[in-house]
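Working notes, structure below.
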Amino acid sequence: MATEHAASHTRLPRHDAPDDLLPQYGCGPIKFDGGSNALFERHLLFDNVLAPSEIGNRERYEAIARSVRDILSQRWQQTEETYNRENPKRIYYLSMEFLIGRSLRNNVLNLGLDPLARRFFNETQLDELAILAEEPDAGLGNGGLGRLAACFLDSMATMQLPAMGYGLRYEYGIFKQTIVDGWQREQPDNWLRRPDPWEVARPHLAVAVELGCSFEVRGGNLKAIVGVPSTLLGIPYDRPVVGYGGKTINTLRLWASATPDSFDFQEFSAGEFVGALAERLAADTVTRVLYPDDSTSMGQGLRFVQEYFLVASSLADLVRRFRANNSDWNDLPDKVAIQLNDTHPSLAVAELMRILLDKGNLAWEESWEITRRTLAYTNHTLLPEALEKWPLRWFELLLPRHLEIILEIDRRLREELLARWPDDNDRAERASIVERGGARLVRMAHLAIAGSHSVNGVAEIHSRLLRDVTVRDLAELYPDRFNNKTNGVTPRRWLLLSNPDLAGCINEAIGDRWVTDMERLETLRPLAEDGGFVSSVRQAKRAAKLRFADWLKSQAGISVDPDTIFDSQVKRIHEYKRQLLNGLRIVALYRRLRENPHLDIEPRTFFFAGKAAPAYHVAKVIIKFLNNLGDTINGDPATRDRLRLVFLPDYCVSVAERLIPASDVSNQISTAGYEASGTSNMKFMMNGALTIGTRDGATIEMAAAAGEENFFLFGLTAEQVATSRGWYSPWWHYENEPETRAVLDLIMSGHFCRHEPMIGETLRNILLAGGDPYMHLADLASYMEADMRLQSLYSEPDAWTRRAILNIAGSGKFSSDRTIAEYASDIWNLEPCLVR
131 MATEHAASHT RLPRHDAPDD LLPQYGCGPI KFDGGSNALF ERHLLFDNVL APSEIGNRER
191 YEAIARSVRD ILSQRWQQTE ETYNRENPKR IYYLSMEFLI GRSLRNNVLN LGLDPLARRF
251 FNETQLDELA ILAEEPDAGL GNGGLGRLAA CFLDSMATMQ LPAMGYGLRY EYGIFKQTIV
311 DGWQREQPDN WLRRPDPWEV ARPHLAVAVE LGCSFEVRGG NLKAIVGVPS TLLGIPYDRP
371 VVGYGGKTIN TLRLWASATP DSFDFQEFSA GEFVGALAER LAADTVTRVL YPDDSTSMGQ
431 GLRFVQEYFL VASSLADLVR RFRANNSDWN DLPDKVAIQL NDTHPSLAVA ELMRILLDKG
491 NLAWEESWEI TRRTLAYTNH TLLPEALEKW PLRWFELLLP RHLEIILEID RRLREELLAR
551 WPDDNDRAER ASIVERGGAR LVRMAHLAIA GSHSVNGVAE IHSRLLRDVT VRDLAELYPD
611 RFNNKTNGVT PRRWLLLSNP DLAGCINEAI GDRWVTDMER LETLRPLAED GGFVSSVRQA
671 KRAAKLRFAD WLKSQAGISV DPDTIFDSQV KRIHEYKRQL LNGLRIVALY RRLRENPHLD
731 IEPRTFFFAG KAAPAYHVAK VIIKFLNNLG DTINGDPATR DRLRLVFLPD YCVSVAERLI
791 PASDVSNQIS TAGYEASGTS NMKFMMNGAL TIGTRDGATI EMAAAAGEEN FFLFGLTAEQ
851 VATSRGWYSP WWHYENEPET RAVLDLIMSG HFCRHEPMIG ETLRNILLAG GDPYMHLADL
911 ASYMEADMRL QSLYSEPDAW TRRAILNIAG SGKFSSDRTI AEYASDIWNL EPCLVR
């Protein structure tokens, strides 16, 4: 039975679809001959040229993936031909991150090929699970930002919008995380070590990216040569983005860096091998790794070059496409919309101005008007450290022409500010693009705001704080430019694909049109009082928990009890996301059980997952503490049958697809006012988990949609956090709240780190000596009270499931289809383009 549960979750998706779908893709149906797939057999033989005895699951995976790509290729080409012929306005989505995950199951689902896939595996009797596991997660993102970009591309294709994503083809994605003695260890994620069957190289469409310096090797180090220009080549690699139903197949174009095919042959022949190849070494480095360690100036410099490389390659490509059908530069905003996903592509402002001024030979005012009308900017963070600022010196060295343009934009912006507020020099300084004082810096968020016609946040509270606090001066100068677009996630991957039992319950109750119209989930609301539907949803949750438990046992050898509450917090490890606060809650529950073994609490399994940035020491200490805490409570006879803590290493899209459907509880506990939106919260909600969380990010809107009585909200509001900042002291809570004091004393005593006093000392500095900047202690008592309400409700299965159904019913707003519809109508002025 356990094996059946594990298999049903990870096998290729199943939903009702006819077997004769393939003729619409122009290649006719797959032929089955003696139980074998002709396309599969062809790829298996001709792509590998191996004897059958030498072929393994990796080769089988590649053959299946290439067979699926064969099926979609003609429709993919027809999509691009339609866009070229119809010349619609197109949206180009620029993002440094695309957390794609695995593609095979998703593409099979969206193409409607699952009946054929089922028949294929039945006929061939291949090990489906083992073959699917051969596909690496395409980890080209750090977390929510990159996964959001992937969800958005899915929605654009499903909604038949003429769209293209632009990113970087990192050779190494987000690092692989292992846990050694409780500590995070990073290992390279060489996801391209084997051929990627989904990508198509387009070397004939390579673009040149000019830099203001070149490079040489001195003393074993790569050094910049000032004043000697050099050129990188951007080589495009295309991946299909399949819309649900297969009507539109858009493109994600990822750029790899290379150098022109030349080097100093004389120097090479003389034995200076490394020096002769210095330019090639520099080019290869640019797209080698996602998020280089930015704790050093060299790492920051590489990030700067990556950002310009993305912008320059992408704009050259889209301008080429625009000029193929349009001769007047003034038509650019009517044919092209460029969305900047956070500050990373902000150099697009200066780059587009450079193209219009230097290649289009337009006047400044005309170029500026076109640039502003073409570009739009999404802000994803209120954290000052995440609002990038780059040294002016780097522009002087690498991008001197762009610096001239930025300085002129800055001069004109200052004039505009002083014309509006003549006596307010401080305001002009705060809002300027170039930050004076000490080393001069270019504020990339300010550049994006100045050069765009739209600036949006990603949740109502985030957009308000962005406008009223973070960039208030610019918002007052350009009030009509600011708007909100609350994030969403694709229901195709995060419900239909990941949770087949729950999707089946919903289909049986209301039909399957919700897959592309999530608002229809609202019709589930009355069914929260239907005993049969309540029972079906509860059975679907148990099936998901069994599948996850079986998978965890088979993959990691970890046993968990599906009859316990699955209580999850999975996201990037950061102090403001407060995994440490969750740890304090678990310590409090552990203490209560040790003091009263007969305490009536529901058995609980706590799941944590997430990666800490390699240079983020405090985040790594939090991971270590959580692992130590798990070792202690899991091994303590007084608690191990009531509480269990599991830290899942190497969190990625594929792990999320398994854990989120299985979770009963979703922790969204960031310090109020710090989380821009969150998207994992939406995935948990639509899968029937109940949220325990603060009034932050999109959680506020989610609670409003489902009803606050169906959430477990706690803690300070964003306004309370802001107004108490000047006088808040964690010592008050330590001295006046007995349980808070007892929890901290137990941690500081070394109970969870007996031979590692540094752990306790670091936590003491975070929570007490350092002033507790993220206010863990201010919210702990409220968190514990909400937790008691949670436990009480869970003891009533029908009542719990009814609230889960109301959460599912309220999740319709949080589809990425709704978000993209708002972008298309309010910002891009974009219409669907039907592929013929």
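Each residue of the sequence shown is one higher than the one before, starting from 131 at the first, in my numbering. Note that CB positions come from ideal geometry on N, CA and C, so glycine has one too.
- Compute the beta-carbon to beta-carbon distance between PRO366 and ARG332, rounded to the nearest angstrom, for a pair I have assumed lies under 8 Å. 4 Å
- Query: Considering only residues of the same chain and omitting the five flanking positions on each side of ARG721, which have a CB-CB separation below 8 Å?
  - Reply: GLU869, ALA872, VAL873, LEU876
- Query: Between which two residues does the beta strand (DSSP E) containing TYR296 stretch?
  - Reply: 293-298
- Figure out for me which residue from ARG668, MET648, ASP794 has the closest Cα to the Cα of GLN921. ASP794
- Task: May I ask you to list the residues that DSSP assigns as paired with LEU738?
- Result: For the record, residue 738 in the displayed sequence is Phe; it is not Leu. Its beta-bridge partners are GLN699, PHE777.
- Message: Checking 9 Å against the spacing of the C-beta atoms, do VAL748 and GLU787 come in under that value?
- Response: No, these two residues do not count as a Cβ contact at 9 Å.
- Query: If you scan the region 201-254 from start to end, which runs of the alpha helix (DSSP H) of 4 or more residues do you find wholly inside it?
  - Reply: 234-241, 244-254
- Task: Could you tell me whether the region 443-450 touches the region 493-506, using the rule of 3 or more Cβ pairs below 8 Å?
- Result: no
- Query: Considering only residues of the same chain and omitting the five flanking positions on each side of ALA639, which have a CB-CB separation below 7 Å?
  - Reply: LEU654, LEU657, PHE663
- Closer than 8 Å by C-beta to ALA911: which residues in its own chain qualify, once you throw out the five before and the five after it? Chain order, please. HIS863, GLU867, GLU869, THR870
- Taking the DSSP output, what are the residues bridged to ASP368? VAL330, ARG383
- For the 8 Å Cβ check, are there 3 or more pairs between the region 192-201 and the region 322-340? yes
- Item | Proximity winner among VAL479, LEU384, SER444, ILE636, relative to ARG299 (alpha-carbon distances) | LEU384
- Query: Unbroken beta strand (DSSP E) runs of length 3 or more, entirely within the region 535-596: which are they?
  - Reply: 571-573, 584-587
- Item | Rounded separation between GLN154 and GLU211 - CA only | Interpretation of GLN154 is limited by its pLDDT of 40, a score under 50 that renders its predicted location unreliable; the figure taken from the coordinates is listed afterwards. Their Cα atoms are separated by approximately 16 Å.
- Taking contact to mean at least 3 C-beta pairs separated by less than 8 Å, is the region 740-759 in contact with the region 303-314? Short answer: they touch.
- Message: At 3 residues or longer, what runs of the beta strand (DSSP E) sit wholly inside the region 777-835?
- Response: 795-798, 820-823
- Message: On the DSSP bridge list, what partners appear for LEU520?
- Response: The sequence given here places Trp at residue 520; Leu does not occur at that position. DSSP lists VAL572 as partners of TRP520.
- Buried versus exposed call for ILE536 [16 or more other C-beta atoms within 10 Å across all chains shown]: buried
- Task: Within 10 angstroms of the Cβ of GLN436, are there 16 or more other Cβ atoms? Answer buried if so, exposed if not.
- Result: buried
- Message: Below 8 Å, how does it come out for the region 827-835 and the region 942-958: are there three or more Cβ pairs, yes or no?
- Response: yes
- Query: For TRP321, does the three-state DSSP call read helix, strand or coil?
  - Reply: coil
- Query: Does the separation of the CB atoms of LYS519 and LYS219 fall below 9 Å?
  - Reply: no
- Going by other Cβ atoms of all chains shown within 10 Å of its Cβ, with 16 needed for buried, is SER399 buried or exposed? At SER399, the pLDDT of 49 sits below 50, so the modelled position is not reliable and the matter cannot be decided from this model.
- Message: Does PRO359 come out as helix, strand or coil in the three-state DSSP assignment?
- Response: strand
- Looking at the unbroken alpha helix (DSSP H) that takes in LEU283, where does it start and where does it end? 274-288
- Status (buried if at least 16 other CB within 10 Å, exposed otherwise) for ILE688: exposed
- Provide the residue(s) that pair with CYS343 in DSSP beta bridges, ordered along the chain. VAL356, per the DSSP bridge assignment.
- Query: Counting pairs of Cβ atoms below 8 Å between the region 625-644 and the region 672-683, do you hit three or more?
  - Reply: yes
- How many Å lie between GLU915 and GLN798 at the Cα? 16 Å
- Who are the Cβ neighbours of ARG643 in its own chain at under 7 Å, not counting the five residues just before and after it? ARG650
- Item | Complete alpha helix (DSSP H) runs within the region 631-712 (minimum length 4 residues, chain order) | 661-686
- Taking the DSSP output, what are the residues bridged to GLN307? GLU316
- Task: Check whether the Cβ atoms of GLU340 and ALA442 lie closer than 9 Å to each other.
- Result: yes
- Distance CB(ARG611)-CB(SER593) smaller than 9 Å: SER593 sits away from ARG611, with the two beta carbons spaced by 9 Å or more.
- Residue closest to HIS576, alpha-carbon to alpha-carbon, out of PRO552, VAL479, SER665, ASN637: VAL479
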